[in-house]
Amino acid sequence: MRMTLARKGLLAHVQVVKDPTAMTEVWLLNDMKAFGLIAQGVSVEHHTKIRSATSAMQVWNTLLEFYKRTTMHNRVTMTRQLHEFKIEDGSTMARHLEKFDEPIVGLQTLVEPLDDSRQLVILLSRLPAEYELIVSIVENNKDVTLIEAKEKLLKEYERQEKKESSQRALKATAFGGKDKNGKFGKGGKGYGRKSNNGRRLVGSKGKCFNCGQAGHMKRDCPVKVNGDSNDDSVFAIGEDRSAEWLIDSGATAHMTPHRDDLFEYSAMSKDMYVTIADGKKIRVAGTGSVRLTGIDAKSIRMVEVLYIPGLDRRLLSVGKLAERGMSVEFQRNSCVIWDKSKAVASGKKIGKAYVLDCQQDVAYYTEY
Numbered sequence: 001m002r003m004t005l006a007r008k009g010l011l012a013h014v015q016v017v018k019d020p021t022a023m024t025e026v027w028l029l030n031d032m033k034a035f036g037l038i039a040q041g042v043s044v045e046h047h048t049k050i051r052s053a054t055s056a057m058q059v060w061n062t063l064l065e066f067y068k069r070t071t072m073h074n075r076v077t078m079t080r081q082l083h084e085f086k087i088e089d090g091s092t093m094a095r096h097l098e099k100f101d102e103p104i105v106g107l108q109t110l111v112e113p114l115d116d117s118r119q120l121v122i123l124l125s126r127l128p129a130e131y132e133l134i135v136s137i138v139e140n141n142k143d144v145t146l147i148e149a150k151e152k153l154l155k156e157y158e159r160q161e162k163k164e165s166s167q168r169a170l171k172a173t174a175f176g177g178k179d180k181n182g183k184f185g186k187g188g189k190g191y192g193r194k195s196n197n198g199r200r201l202v203g204s205k206g207k208c209f210n211c212g213q214a215g216h217m218k219r220d221c222p223v224k225v226n227g228d229s230n231d232d233s234v235f236a237i238g239e240d241r242s243a244e245w246l247i248d249s250g251a252t253a254h255m256t257p258h259r260d261d262l263f264e265y266s267a268m269s270k271d272m273y274v275t276i277a278d279g280k281k282i283r284v285a286g287t288g289s290v291r292l293t294g295i296d297a298k299s300i301r302m303v304e305v306l307y308i309p310g311l312d313r314r315l316l317s318v319g320k321l322a323e324r325g326m327s328v329e330f331q332r333n334s335c336v337i338w339d340k341s342k343a344v345a346s347g348k349k350i351g352k353a354y355v356l357d358c359q360q361d362v363a364y365y366t367e368y
């Protein structure tokens, strides 16, 4: 109501006691307008309380006195509503933030405002596990304001929505889903698509050696490879273990079994081998760099990555990151990679493993 009166230029009629000798016809007319606006905004059941009032100031003070008597009940109700608040299934982050602000504004009208730091603590504590990354970033950066935190939450929501949409579209294409005309497709050429691990793909006209469908290669196949039933359960059924970067604190170097991961590639000039978990030694064919896109579209370049054909997974070495002044913070369902005080990339927990959650560029090459 205060804002309504302010927009109409009538707020002074409930703030300033006017000397009766200074009341002009224009002022009295505006006072009646303010009176009418206030009465219009009050429930009919409360009209009896203001029926005898003769000015906007009297109406305002009468209602103010009445609501002061119910202030404690309202404060308790709104405070409980705020602390019990949680994001609703299917709700957007924008709507979530709007609903969060409702009790905040209510408490402010009851002359019990919450400062931004307190609002930020409550907001972060009411977020689901999917936003642990943002919570960690804010907790480790004391300079993040409430507005900046809300902006980060909105961006993270948009990122997750885009990723889920890409995954759904890819699965529909990979399995020959219907197009907008209701016809079943063959997966298409796929130019400019992204795989379920965020890698950019160029259309493949050949068939997958695993499922037999066109449009993708075996390592990107969403169907579980035959004979893998005895493998560990780090990944969910239907996912290729080599399609993700595992964040490994035991690995001595970054490693990949895929040549097309590597830019600035150079073959090894002398023999080099690595020993894997079962004691088997595998030859290193070469080294190169990997290009990723991390948090806030930040470009990341991983260097000295070993190309090891036959390795069954990609490995991101925590030790190598530490050598470059970076650190990894592991949480219950996610992790954050920090470059000093700035979060540059994130990961998610799948089974017992932490997997890098970034988009990756593909290094196209030709063998002669």
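For the sequence shown, the UniProt record's numbering gives the first residue as 1, with consecutive numbering after it. Glycine residues also receive a C-beta, built at the ideal position from the N, C-alpha and C atoms. Just so it is clear, the structure is predicted and the values come from calculations on it, not from any experiment.
* **Cut-off 7 Å between Cβ atoms - residues of its own chain near residue 20, not counting five sequence neighbours on either side** => Excluding the 5 residues flanking it on each side, residue 20 has no same chain C-beta neighbour closer than 7 Å.
* **Between the CA atoms of residue 273 and residue 279 - distance to the nearest angstrom** => Distance between the alpha carbons of residue 279 and residue 273 is about 12 Å.
* Asked: In terms of residues, what are the limits of the alpha helix (DSSP H) holding residue 246?
  -> Bounds of any alpha helix (DSSP H) do not take in residue 246; it lies within the beta strand (DSSP E) bounded by 245 to 248.
* Smallest Cα separation from residue 90: which of 118, 150, 360 and 161? -> Looking only at 118, 150, 360 and 161, the smallest Cα-Cα distance to residue 90 is reached by 161.
* Asked: Helix or strand or just coil, what does DSSP make of residue 311?
  -> Coil.
* Using 8 Å as the threshold, is the segment 311 to 323 in touch with the segment 121 to 139, meaning 3 or more CB pairs across them? -> Three or more Cβ pairs closer than 8 Å define a contact, and the segment 311 to 323 falls short of that threshold against the segment 121 to 139.
* **Own chain, CB closer than 6 Å to residue 60, minus 5 neighbours either side, in chain order** => Its chain contains 14 as the residues whose beta carbon lies nearer than 6 Å to that of residue 60, once the 5 sequence neighbours on both sides are disregarded; these appear in chain order.
* To do: Report the rounded CA-to-CA distance for residue 358 versus residue 333, giving the unit in angstroms.
  => For residue 358 and residue 333, the gap between their C-alpha atoms comes out near 16 Å.
* Below 8 Å, can you find three or more Cβ-Cβ pairs linking the segment 254 to 261 to the segment 325 to 343? -> By the Cβ criterion, the segment 254 to 261 is not in contact with the segment 325 to 343, since fewer than three pairs of Cβ atoms, one from each stretch, lie closer than 8 Å.
* Asked: Cα separation between residue 99 and residue 43?
  -> Cα-Cα distance, rounded: 23 Å.
* Cβ of residue 295 within 9 Å of Cβ of residue 344? -> In this structure, residue 344 lies closer than 9 Å to residue 295 by Cβ.
* Asked: To which residues of the same chain is residue 308 closer than 8 Å at the C-beta, ignoring the five residues directly before and after it?
  -> So the qualifying residues of the chain are 255, 256, 257, 274, 282, 283, 284 and 285.
* Taking 8 Å as the threshold, find out whether the segment 43 to 58 comes into contact with the segment 25 to 35 through three or more Cβ pairs. => With the cut-off at 8 Å, the segment 43 to 58 and the segment 25 to 35 touch.
* Comparing alpha-carbon positions, which option in 304, 39 and 130 lies nearest residue 5? -> Answer by Cα proximity: 39.
* For residue 359, which beta-bridge partners are listed by DSSP? -> Residue 359 is bridged to 293.
* Simplified DSSP state of residue 329, which is helix, strand or coil -> Assigned with DSSP and collapsed to three states, residue 329 falls in strand.
* In three-state DSSP terms, what is residue 344? -> In this structure, residue 344 counts as strand in the three-state DSSP scheme.
* Asked: Under 9 Å between the Cβ atoms of residue 300 and residue 292?
  -> Yes. Within cutoff.
* To do: With DSSP collapsed to three states, give me the class of residue 31.
  => Per DSSP, reduced to three states, the secondary structure at residue 31 is helical.
* To do: Kindly list the residues whose CB is nearer than 8 Å to the CB of residue 63, restricted to its own chain and excluding five residues on each side of it in sequence; keep chain order.
  => Cβ within range, chain order: 38, 42, 46, 49 and 50.
* Nearest to residue 157 by CA position, among 304, 145, 134 and 72, is which residue? -> Checked all of 304, 145, 134 and 72; the closest Cα to residue 157 is 134.
* Asked: In the segment 102 to 128, which residue ranges form an unbroken alpha helix (DSSP H) of at least 4 residues, counting only runs that do not cross its ends?
  -> The qualifying runs are 116 to 125.
* Alpha carbon of residue 270 to alpha carbon of residue 97, nearest angstrom -> Answer to the nearest angstrom: the Cα atoms are 58 Å apart.
* Distance, residue 8 Cα to residue 346 Cα -> Approximately 50 Å between the Cα atoms of the pair.
* Taking Cβ positions, are residue 372 and residue 276 nearer each other than 9 Å? -> A query on residue 372 cannot be resolved here, the shown segment of the chain reaching from 1 to 368 and no further.
* Asked: Roughly how many angstroms lie between the CA atoms of residue 128 and residue 73, to the nearest whole one?
  -> Distance between the alpha carbons of residue 128 and residue 73: 29 Å.
* CA-to-CA distance, residue 10 to residue 140, given in whole angstroms -> Rounded to the nearest whole angstrom, the C-alpha separation of residue 140 and residue 10 is 46 Å.
* To do: Reducing DSSP to helix, strand and coil, say where residue 262 ends up.
  => Correct three-state label for residue 262: coil.
* With respect to 8 Å, is the separation between the Cβ of residue 304 and the closest non-hydrogen atom of the ligand MG below this value? -> Inclusion of the ligand MG in the displayed structure is not the case, the ligand content being empty and no account of it being possible.
* **Residue interval of the alpha helix (DSSP H) (run including residue 336)** => Here residue 336 belongs to no alpha helix (DSSP H); instead the beta strand (DSSP E) covers 334 to 339.
* Asked: For residue 44, which of helix, strand or coil comes out of DSSP?
  -> Three-state result, residue 44: helix.
* To do: With a cut-off of 8 Å on the beta carbons, I'd call residue 336 and residue 125 a contact; round off their distance for me.
  => Actually they are not in contact, since the Cβ atoms of residue 336 and residue 125 sit about 18 Å apart, beyond 8 Å.
* Residue closest to residue 287, alpha-carbon to alpha-carbon, out of 3, 302, 17 and 265 -> Of 3, 302, 17 and 265, the residue nearest in Cα terms is 265.
* **Nonlocal neighbours in the same chain, by C-beta distance under 7 Å from residue 31, ignoring five residues either side** => Contacts found: 13, 55 and 56.
* Taking Cβ positions, are residue 113 and residue 78 nearer each other than 9 Å? -> For residue 113 and residue 78, no; Cβs fall outside 9 Å.
* **residue 10 (DSSP reduced to helix, strand or coil)** => DSSP places residue 10 in coil when its eight states are reduced to three.
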